[in-house]
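Everything in the sequence shown is counted per our numbering, starting at 180 for the first residue and increasing by one. Backbone N, C-alpha and C define an ideal beta-carbon position, used for all residues, glycine too. Okay, structure first, notes after.
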Amino acid sequence: MENRPLEYDYTVAKLWMISAIVLGIVGMLIGVILAWQLAFPGVNLLLGEGLAEYTSFGRLRPLHTDAVIYGFTVSGIMATWYYVGQRVLKVSMAESKFLMVTAKIQFWLYAIGVVLIVVSLLFGLSQGKEYAEFIWPIDIAIVIIWVLWGVQIFGLIGIRREKTIYISIWYYIASFLAVSALYIFNNMAIPTYFASGGIGSIFHSVSMYAGTNDALVQWWFGHNAVGFVLTVPIIAMIYYFLPKESGQAIYSYKLSLLAFWGLVFTYVWAGGHHLIFATTPDWMQTMGSVFSVILILPSWGSAINMLLTMKGEWNQVATNPLIKFMVLASTFYMFSTLEGPIQAIKSVNALAHFTEWIVGHVHDGALGWVVFMIIAAMLHMAPRVYGREIYSKSLLNTQFWLQTLGVTLYFTSMWIAGITQGMMWRAHDEFGNLAYSFIDSVIALEPFYIIRAVGGTIYLIGMFIWAYNMYKTATAGRRVEANELQNTSPMAS
Ligand code: HEM
Ligand code: HEM
């Protein structure tokens, strides 16, 4: 091992950081618009009747989900990979021209893909599968972008100096392998150009699977996309950034490995919980429920490991805003991985499915766990990448409290809304007549939709504060030398 510290190259990491900030704001801005549309349907005509086609809920919803998942989250995953990968493997990207060039190609191909996705979804070109809306030519581009990430991961591992492969790298590898298989199998489709369909039909395709089989593959994909995009790579981040920021070693490295194998083994069997009471075999639904409950073990194994890493150092929660973000992220992770298994129990799912409680679950996981962790990771990276101190700690604290308030308003209102909805739909008199019509339940929900929209707007304001703080850090923060930065970690580098 060389004595001179390595000069890591963050050119590509910086590009992904910008992409995460921009797509995070765009995606969440659309989320806020959707939330106001549900509260006040007139907002569907945001830009007037002429443009209603493009601003309606149906067009914007997939744009929101795809922008926050494939835009913000994937950019956050890449930004952290291009930082963490080099540091824990103790090798600089600058040492391989091939890796530098392919990494840049990967980013710019992604940027072109984002533009094509926005245009195609706004024009209503969609495969019609949730989280797999993209038309087939874009799917092909996505596979190339993803494979290029694999080239980076294994390329960097191939030229590493550090023999031990730190746990975070395992999680990144699992994300890469699982998403590759999921994405390709779920998007297997046959292009079906038909002359009378006009230019748009060039992009039309039909899934290789039919009926129930299609639903099964779709939710095997959908659930594991949650697992291997919104969970596994985020764990990769926290296992690196929490010890780094706090100066504490991971509580138990053994537990992190055990939880890793538990998680990857259990996740793949749990997707059936999305199809409870659907026309899928009963044993598959039961298997989905059972594995969902088992999933609490590895999920909590990871979460407890994260929290115990702070043992003896809880005072840092009060003094360091980044630790606040990460500790709350772990707590929300625990919380959503208890809530999910509860929703997967058949009798509970009978009440919860199709209701806002599911949307509440999605967002306590997304806003509390995924976004908080990516924000903390990028704030830890910023001083090291730009050689400047975080511009404003007080802005950071304001952001933390605003976003904590925002997510709390979001999930609490959606819990109440969802359970109200479920109860109203099933309420009946002694003769079996339904007590409420559907529209009664919609009217009952209006106050909760407003609370959610307010919560979402507050959360979005926090995102703008974050973007401003990051921009100012990069351009006007006080200059710092690498050795000035607190740098104590289990994998010192
Ligand atoms: C300011 C922040 C956000 C707001 C206000 C917001 C709002 C919304 C709204 C109104 C919906 C439609 C719900 C419905 O159809 O009933 C939705 C759906 C969804 N959002 Fe968000 N969102 C935000 C951030 C995020 C983030 C950061 C993620 C993921 C990383 C995310 C993932 C999703 C998903 C997966 C759905 C579909 C849920 C389902 O089908 O059950 N959202 N969001
Ligand atoms: C132990 C872990 C988890 C289990 C067992 C679980 C279980 C569930 C269940 C039962 C549903 C509702 C299915 C339905 O009736 O429609 C669901 C939906 C969902 N969960 Fe989880 N969940 C877990 C963790 C998470 C986490 C950490 C996230 C991250 C943000 C997440 C994101 C989602 C999304 C996006 C959906 C909505 C899918 C859709 O209908 O569009 N889940 N989950």
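Counting only the same chain and skipping the five closest in sequence on each side, list residues whose C-beta sits under 6 Å from that of residue i.
i       : result
Ala-214 : Arg-631, Ala-632, Gly-635
Ala-523 : His-452, Ser-468, Ser-471
Leu-242 : Ile-209, Leu-300
Val-293 : none
Ala-653 : Tyr-565
Ala-560 : Inspection of the sequence shows that residue 560 is occupied by Met rather than by Ala. Answer for Met-560: Tyr-262, listed in chain order.
Val-411 : Tyr-350, Ala-353, Ser-354
Ser-592 : Phe-627, Ile-630, Arg-631
Ile-314 : Ser-299, Leu-304, Phe-382
Ile-388 : First, the amino acid is wrong: residue 388 is Tyr here, not Ile. For Tyr-388, where only same-chain residues beyond five positions count, the Cβ hits under 6 Å are Val-396.
Less than 7 Å separating the Cβ of residue i from some heavy atom of ligand 1?
i       : result
Leu-244 : The sequence shown places Thr at residue 244, rather than the Leu named in the question. Yes, Cβ of Thr-244 sits closer than 7 Å to a heavy atom of ligand 1.
Val-472 : no
Gly-210 : yes
Ala-218 : no
Thr-252 : yes
Tyr-345 : no
Arg-240 : yes
Tyr-512 : no
Tyr-638 : yes
Gly-541 : Note on residue identity: the sequence assigns Val, not Gly, to residue 541. Val-541: yes, Cβ under 7 Å from ligand 1.
Ala-404 : no
Met-466 : no
Val-205 : no
Leu-213 : yes
Ala-545 : yes
Which same chain residues end up closer than 7 Å to residue i when comparing Cβ atoms and leaving out the 5 residues on each side of it in sequence?
i       : result
Ala-623 : Thr-599, Met-603
His-540 : Ser-515, Glu-518, Gly-519, Gln-522
Phe-444 : none
Ile-640 : Leu-581
Ala-438 : Pro-477, Gly-480, Ser-481, Asn-484
Tyr-615 : Met-603, Ala-606
Ile-595 : Phe-627
Given 7 Å as the limit, tell me if residue i has its C-beta closer than that to any heavy atom belonging to ligand 2.
i       : result
Ile-537 : yes
Glu-309 : yes
Ile-352 : no
Phe-556 : It should be pointed out that residue 556 corresponds to Ala in this sequence rather than to Phe. Ala-556 Cβ: outside cutoff for every heavy atom of ligand 2.
Tyr-249 : no
Ala-531 : yes
Trp-195 : no
Val-443 : no
Gln-522 : yes
Trp-594 : no
Val-549 : yes
Suppose you measure from the CA of residue i to the CA of residue j; what does that come to, to the nearest Å?
i       : j       : result
Met-670 : Ala-655 : Its pLDDT being 40, under 50, Met-670 is placed unreliably by the model, and nothing is read from it.
Ile-296 : Val-205 : 13 Å
Leu-584 : Asp-619 : 29 Å
Ala-311 : Asn-365 : 8 Å
Val-211 : Pro-626 : 16 Å
Trp-398 : Val-385 : 17 Å
Gly-441 : Leu-486 : 19 Å
Tyr-418 : Val-549 : 14 Å
Gly-681 : Thr-587 : With the chain represented from 180 up to 672, any question about residue 681 goes unanswered, as that position is not in the structure.
Leu-268 : Lys-342 : 8 Å
Gly-337 : Asn-648 : 36 Å
Trp-645 : Ile-554 : 8 Å
Ser-509 : Trp-580 : 16 Å
Ile-725 : Gln-265 : Within the shown structure, residues of the chain are numbered from 180 to 672, placing residue 725 beyond reach of any answer.
Tyr-512 : Met-416 : 13 Å
Thr-190 : Ile-413 : 22 Å
Glu-309 : Glu-228 : 27 Å
Met-463 : Ala-428 : 41 Å
Ala-457 : Ala-246 : 29 Å
Ala-394 : Asp-543 : 25 Å
Arg-658 : Pro-500 : 20 Å
Ser-375 : Ile-284 : 37 Å
Skipping 5 residues on each side, what residues in its chain have a beta carbon closer than 8 Å to that of residue i?
i       : result
Gln-495 : Ser-425, Met-489, Ile-502
Met-466 : Trp-448, Gly-451
Trp-325 : Phe-355, Val-358, Ser-359, Tyr-362
Asn-223 : Gln-216, Ala-231, Thr-234, Ser-235, Phe-236
Ser-571 : Asn-648, Lys-651
Return no unless some Cβ of chain C is closer than 8 Å to the Cβ of residue i.
i       : result
Ile-332 : Among the chains in the structure shown there is no chain C, since it carries only a single protein chain.
**Report entry** the segment 349-356 contacting the segment 273-281, beta-carbon criterion three pairs below 8 Å
**Finding:** No contact exists between the segment 349-356 and the segment 273-281.
Query raised in the report: Is it true that the segment 318-336 meets the segment 418-427, where meeting means three or more beta-carbon pairs spaced less than 8 Å apart?
Result: Two segments are said to touch when three or more pairs of C-beta atoms, one from each, lie closer than 8 Å; by this definition the segment 318-336 does not touch the segment 418-427.
Report task. Evaluate the contact criterion for the segment 403-415 versus the segment 441-456: three or more CB pairs, one atom per stretch, below 8 Å. Result -> A contact exists between the segment 403-415 and the segment 441-456.
Query raised in the report: Is the segment 331-350 touching the segment 362-378 in the sense that three or more CB pairs, one from each, lie closer than 8 Å?
Result: Touching, no.
Query - the segment 529-536 / the segment 601-616 touching (three or more Cβ pairs under 8 Å) - result: Judged by Cβ distances under 8 Å, the segment 529-536 makes contact with the segment 601-616, as three or more pairs qualify.
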